[in-house]
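Working notes, beginning with the structure itself.
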Amino acid sequence: MLRYSLMRLGIFAGCFLALWGLVYAGVLPRGLGDSNLLWVLLLSIVVSAPLSFVLLRKQRDDLSAEIVEKVDRAKGRLDANRTREDAL
Numbered sequence: 001m002l003r004y005s006l007m008r009l010g011i012f013a014g015c016f017l018a019l020w021g022l023v024y025a026g027v028l029p030r031g032l033g034d035s036n037l038l039w040v041l042l043l044s045i046v047v048s049a050p051l052s053f054v055l056l057r058k059q060r061d062d063l064s065a066e067i068v069e070k071v072d073r074a075k076g077r078l079d080a081n082r083t084r085e086d087a088l
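FYI, the numbering used here numbers position 35 of the sequence shown as 35, with every residue one higher than the one before it.
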């Protein structure tokens with residue numbers, strides 16, 4: 001989970017730096033007044049979300065399979081404890 005989160009944060013940081021450079025170079029418009037940082041942050045979120053959805057598909061599928069496996073093991077332990085008789 002930590003690895004996936006760090007990879008997603010890395011994609012966001014890369015998008016932020018690339019978009020900041022484009023705004024600084026004048027390719028993209030600057031925000032109104034002092035809202036330039038907010039503009040770049042929002043644009044970075046919008047750009048990085050679909051990128052991370054596509055680029056991190058394998059990691060997300062592996063993570064969900066791992067979570068399903070842990071939940072199934074926990075359910076199995078609960079069922080085993082439920083069917084076990086009392087020692088008294």
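The beta carbon of each residue, even a glycine, is placed where N, CA and C say it ideally should be.
Go through its chain and collect everything with a Cβ distance to residue i's Cβ below 8 Å, but skip five positions before and after it.
| i | result |
| --- | --- |
| Ile11 | Ser48, Leu51, Ser52, Leu55, Leu56 |
| Gln59 | Arg3, Tyr4, Met7 |
| Met1 | Leu63 |
| Leu37 | Gly31 |
Do we get a CB-CB distance below 9 Å when we pair residue i with the residues of chain C?
| i | result |
| --- | --- |
| Phe16 | This model lacks chain C altogether; it includes just one protein chain. |
Using a Cβ-Cβ cut-off of 6 Å (strictly less than) and excluding sequence neighbours within five positions of residue i, which residues of its own chain qualify?
| i | result |
| --- | --- |
| Trp39 | Gly31 |
In angstroms with no decimal places, state the Cα-to-Cα distance between residue i and residue j.
| i | j | result |
| --- | --- | --- |
| Leu42 | Val27 | 17 Å |
| Gly76 | Glu66 | 15 Å |
| Val68 | Ala74 | 10 Å |
| Gly21 | Asp61 | 33 Å |
| Lys70 | Phe16 | 35 Å |
| Asp89 | Val46 | Given that the chain is displayed from residue 1 to residue 88, the structure contains no residue 89 and the question cannot be resolved. |
| Arg84 | Ala13 | 52 Å |
Provide the residue span of the alpha helix (DSSP H) that contains residue i, from first to last.
| i | result |
| --- | --- |
| Val27 | No alpha helix (DSSP H) contains Val27, which DSSP labels as neither H nor E. |
| Arg82 | 57-83 |
Flag this pair as yes or no: are the beta carbons of residue i and residue j separated by less than 9 Å?
| i | j | result |
| --- | --- | --- |
| Leu63 | Tyr4 | yes |
| Leu44 | Leu19 | According to the sequence as given, residue 44 is Ser; it is not Leu. For Ser44 and Leu19, yes; Cβs fall inside 9 Å. |
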